[in-house]
Amino acid sequence: MTGAQPLSLYCSKSEPENYRPVSLRPTSQIVKVVESVLRDEIVNHLEKFNQIKQSQHRFCKGYSCVSNLLSFLESVTYSVDAKQNVDTIYLDFTKAFDKVPHQRLLLKLRAHGTDGAVCDWIGAWLRDRWQKVRLEGSCSSWRQVFSGVPQGSVLDPVLFLIFINDLEVGTTSRILKFANDTKLFRTVVNPSDHLKLQNNLDTVCEWANRWQMKFNVPECKVMNYGRKNTSIELSSACMESR
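For what it's worth, this note's numbering labels the leading residue of the sequence shown as 327, then goes sequentially.
Following this line, the structure appears as structure tokens:
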């Protein structure tokens, strides 16, 4: 196993991008009850038609962090035992839940069959949200919010799963997701496999550009598994430019 770099243990307090919005006013109980009813109906619909891809192991019945890791371990172990190598790209989106653009989210809801009054209610629920920054007693002006699924709400997990559900469309390498934390990996037998993995990385980056998501580039890593595997360099224009 080669090519890994240690992750940063601490974030600089002076960097604005290390902060994220926190709701100081909890959602009212009445709204949470309505959210719970909608969530259950949406989840039942998604499960009935098997719409959430099996690559997702977060917020899904019967899946967990353990199932995600075991699935990955089984795949890598099988290849390594067969004297093959596995190249893995660990991808992380920057503030993924806060970046989800509302109008694009509504498009995906309709594409998953959640339309009509339900989609209209969710659109109204997301609309007209405002936020400001407070630092040491001083506050900025109010700004309208056009992106993000409100964290701490009942609906935010299922809405995010729907939004990121088609991340792997167009790829031939395997993908495993735990909410927004994503592993893109492939068994490598010859140089063409490296090229295919690179092309799949480009496809994922194109998805991120199309849906206005942003990679946390310093936390995206490449790991190489195998007895004779050599470190490779993978790059993508959409990641390098950010």
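Even for Gly, the Cβ is constructed at its ideal location relative to N, Cα and C. Predicted model, so just to flag it, every value in this text is computed and none were measured.
Just to confirm my understanding: we take Q410, look at its own chain, exclude 5 residues before and 5 after, and list those with CB closer than 8 Å. What are they?
The answer, listed in chain order, is T513, V514, V515 and G552.
Would DSSP call C386 helix, strand or coil?
Note: C386 maps to coil in three-state DSSP.
How many angstroms separate the CA atom of L521 from the CA atom of G496?
Distance between the alpha carbons of L521 and G496 is about 15 Å.
Are there three or more Cβ pairs, one per stretch, closer than 8 Å when the region 534–543 is compared with the region 409–426?
The region 534–543 is in contact with the region 409–426.
Pull up the CB-CB distance for H383 and F504, whole angstroms please, since I reckon it's below 8 Å.
The Cβ separation is near 5 Å, so the contact holds.
Looking at the strands, I want to know which residues DSSP matches up with R575.
No information on residue 575 is available, as it lies outside the stretch 327 to 568 that the chain covers here.
Hey, how far is the Cα of D418 from the Cα of V530?
Using only the alpha carbons, I get a separation of about 12 Å.
In angstroms with no decimal places, state the Cα-to-Cα distance between S466 and K458.
Rounded to whole angstroms, S466 to K458 spans 6 Å at the Cα level.
Among the residues of its own chain, which have a CB less than 7 Å from the CB of D507, if the five just before and after it don't count?
D418, listed in sequence order.
What does the alpha-carbon distance come out to for the pair S334 and G478?
Because S334 sits at a pLDDT of 44, beneath the cut-off of 50, its placement in the model cannot be relied upon, and the point is left open.
Quick check on F486: buried or exposed, where buried means 16 or more other Cβ atoms within 10 Å of its Cβ?
Label assigned to F486: buried.
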